[in-house]
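Residue numbers for the sequence shown follow my numbering, so the first one is 0 and each next one is one higher.
Every residue, glycine too, gets a C-beta built ideally from N, C-alpha and C.
The structure appears below as C-alpha cells.
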Amino acid sequence: MSETRYHSVVLDEESCKGCTVCVTTCPTKAIRVRGGKARIIAERCIDCGECIRRCPNHAKKALTDRFPDELAASPGENEESENRISIALPAPALYAQFPHYGVEEVHRALLSLGFDAVFPVARVTGDIARASASFLDRKRYPRLPRPLISSSCPTIIKLIQIRFPTLIEHIVPVIAPMELAARRARDSASASEPEDEPRNIDVFFISPCAGKITEAKAPLGKEASAVTGVFGMKDLFIPILSVLKKNAEARAAETTIADDDRSSDDSYLQPAEIAWGRAGGEAEATMP
C-alpha cells in the first residue's frame with residue numbers, strides 16, 4: 000500500500016494548459032504531463048513552490064487555511080469563541096513586506112485583525128542559532144560529518160532525502176524555528192490561563208512559503224506540530240497594510256504592544272533575530 004502524503008502545492012486543472020514549464024523547472028522531476036494536464040508525483044514533491052513561481056498560467060497554488068474564516072471569532076459573538084485564544088506566529092520575513100512600518104505596528108495590526116496575541120518566530124531564532132553553533136564546535140562534536148546543513152528549511156530536508164540521501168547525516172539535529180516558537184507560544188499562553196477554566200489555544204503560523212505550510216500540516220518527524228493552522232503571507236498582506244495605513248495618523252498615540260494585555264512583549268527583538276529571514280541571515284546569526 001502506498002504511503003499517503005500531504006502536500007500544500009496543488010494543481011488547478013482548469014488553469015493548466017499542459018505547457019510543460021513546470022516539468023522542466025521542478026528540481027526533483029516530480030511533475031509529468033498526462034492527458035494534456037500536469038500531474039504532481041507526491042513521492043517526489045518537496046513543496047518548494049518553484050512550479051507556482053514559474054507557471055505562466057497560474058495553475059499551481061499553495062493550500063493554506065482561509066483567513067479570517069479559521070481565526071477564532073471575536074469574544075462574545077458565540078460561546079465557542081469565548082473559550083479560544085488565537086496566537087499569531089509571524090515569520091521574520093513578514094516585517095520586510097512593510098518597510099515603512101515598525102515591528103510593533105505590524106503586531107498591533109495583527110491584533111486588530113482578530114488575533115488575541117502575537118508571538119514572533121524571531122523571538123526564538125537566537126536560541127536556534129546558539130544551538131546550531133554548538134554543533135559547529137569540532138571539540139564537542141568531533142564525529143559529526145562536515146559540512147553541517149541547517150534543519151530550518153523543510154524543503155531542503157526533503158530535497159536531501161529524495162535527491163541526496165548521503166547528506167542526511169549532515170543535517171543539524173535542531174528543531175525548526177516555527178515549531179519551537181509554536182511550542183513556546185502555547186506554554187506562555189497556558190501559564191497565563193486560569194486552571195479552573197482554561198481556554199483552547201490556537202497557534203496560527205503566518206508562512207512565507209509552501210514548504211513551511213506542509214511542515215505544519217504534515218511534520219517530517221513523528222510528533223504532531225504545535226501549530227494549529229497556517230495562513231499565507233500573501234493572504235494577510237492587504238489586510239495588514241490596510242490596518243497600518245488606517246492607524247498611521249494615530250501611531251504616536253496608540254498603546255505599544257508591550258502594554259497590550261492580549262499580546263507578548265517583543266520590545267527586546269534584535270535586528271539579527273529578525274534578519275534571520277533574509278538570505279544569509281541564519282548563517283550570520285550562527286557563526287561566532
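CB contact flag (residue i, residue j, <8 Å)
i, j, result
"Gly231", "Ala108", "no"
"Ile51", "Val120", "no"
"Thr63", "Asp234", "yes"
"Leu243", "Tyr94", "no"
"Asp46", "Ala209", "yes"
Three-state class that DSSP yields for residue i in the structure shown
i, result
"Val20", "helix"
"Gly113", "coil"
"Ile40", "coil"
"Ile300", "The displayed coordinates of the chain run from 0 to 287. Any statement about residue 300 would go beyond what the structure contains."
"Lys211", "helix"
"Gly101", "coil"
"Lys60", "strand"
"Ala284", "helix"
"Pro55", "coil"
"Pro193", "coil"
Neighbourhood of residue i by C-beta distance below 7 Å, restricted to the same chain and skipping five residues each side
i, result
"Cys15", "Lys36, Ala37, Asn56 and Ala58"
"Leu166", "Ile148 and Ile159"
"Cys25", "Glu49 and Cys50"
"Phe236", "Gln96"
"Leu10", "Ala37, Ile39, Ala58 and Lys59"
"Phe163", "none"
Contacting residues, own chain, Cβ-Cβ under 6 Å from residue i (five flanking each side not counted)
i, result
"Glu214", "Pro153"
"Asp259", "Confidence is the limiting factor: at Asp259 the pLDDT is only 46, short of 50, which leaves the residue's position unreliable and the question unanswerable from this model."
"Thr124", "Pro176, Glu272 and Trp275"
Residues that residue i bridges to, as DSSP identifies them
i, result
"Pro89", "Ile205"
"Asn82", "None, per the DSSP bridge assignment."
"Ile200", "Ile84"
"Ile30", "Ile39"
"Phe230", "Ile205"
"Val8", "Ala61"
Cutoff 8 Å; reference residue i; Cβ partners in own chain excluding five residues on either side
i, result
"Val32", "Gly17, Thr19, Val22 and Arg38"
"Ser111", "Val242 and Asn246"
Residue i CB to nearest heavy atom of the ligand SAH below 7 Å
i, result
"Ala29", "By its list of ligands, the structure shown contains no ligand whatsoever, and the ligand SAH lies outside what it can speak to."
Kindly provide the ranges of any alpha helix (DSSP H) runs that are 4 or more residues long and lie completely inside the region 103–174, ordered along the chain. You should have 121–134 and 153–162.
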